[in-house]
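Take 5 as the starting number for the sequence shown in my numbering and just add one per residue.
Cβ atoms here follow ideal geometry from the backbone N, Cα and C, with glycine treated the same way.
Reviewing the structure listed below.
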Amino acid sequence: MLTAPIPRYILPHKVTLVKKLSSDGWGGSEEVSETPVSFVRIEPCRSQRFSLSGDIPEVRAKMFYDAFSSVPDNVSFETGDEILFGNDRYIITEVQTFYGAVDIHHLEVLLK
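Have a look at this one:
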């Protein structure tokens, strides 16, 4: 049984993926690559961590990237890369891959 791609009308957002290519090692100037990514979905979500000193609220978002509908199709998301969405700048903390019958169906990218 094949899993249908996520329809594009459910993926209304455009973002920019910012990858750091090089750094001077001292926190100075860096070389970056910016890639526009279309037909994704950004869902704000809220989670909490627990520590010995109490709850630490974290405001995060989740980005859905479909293997068929999202453009471009050769994007690789890695922990530490940045996502620009409107006026917000997110850092990728985790990338989850979900499979259909055979191939990758979609990615869920957790953002902080």
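| Item | Value |
| --- | --- |
| According to the Cβ coordinates, are Arg19 and Phe89 closer than 8 Å? | As written in the sequence, residue 19 is Val, which differs from the Arg given in the question. Taking 8 Å as the Cβ cut-off, Val19 and Phe89 qualify as a contacting pair. |
| Rounded to whole angstroms, what's the CA-CA distance from Thr101 to Phe81? Just pull it up for me. | 11 Å |
| Going by CA-CA distance only, name the one from Thr7, Pro9, His17 that's closest to Met67. | His17 |
| Can you give me the C-alpha to C-alpha distance between Glu112 and Pro40, rounded to a whole angstrom? | 17 Å |
| For Ala105 and Ala71, I'd like the C-alpha separation in whole angstroms. | 13 Å |
| Looking at the structure shown, is Ile108 part of a helix, part of a strand, or coil, going by DSSP? | strand |
| Rounded to a whole number of angstroms, what is the C-alpha to C-alpha distance between Glu34 and Asp107? | 35 Å |
| Given that a residue counts as buried once 16 or more other Cβ atoms are within 10 Å of its Cβ, and exposed if not, what is Tyr94? | buried |
| Going by Cα to Cα distance, which pick from Leu114, Leu25, His109 is closest to Ser73? | His109 |
| To which residues of the same chain is Asp92 closer than 7 Å at the C-beta, ignoring the five residues directly before and after it? | none |
| Rounded to the nearest angstrom, what separates Arg45 and Arg64 at their Cα positions? | 14 Å |
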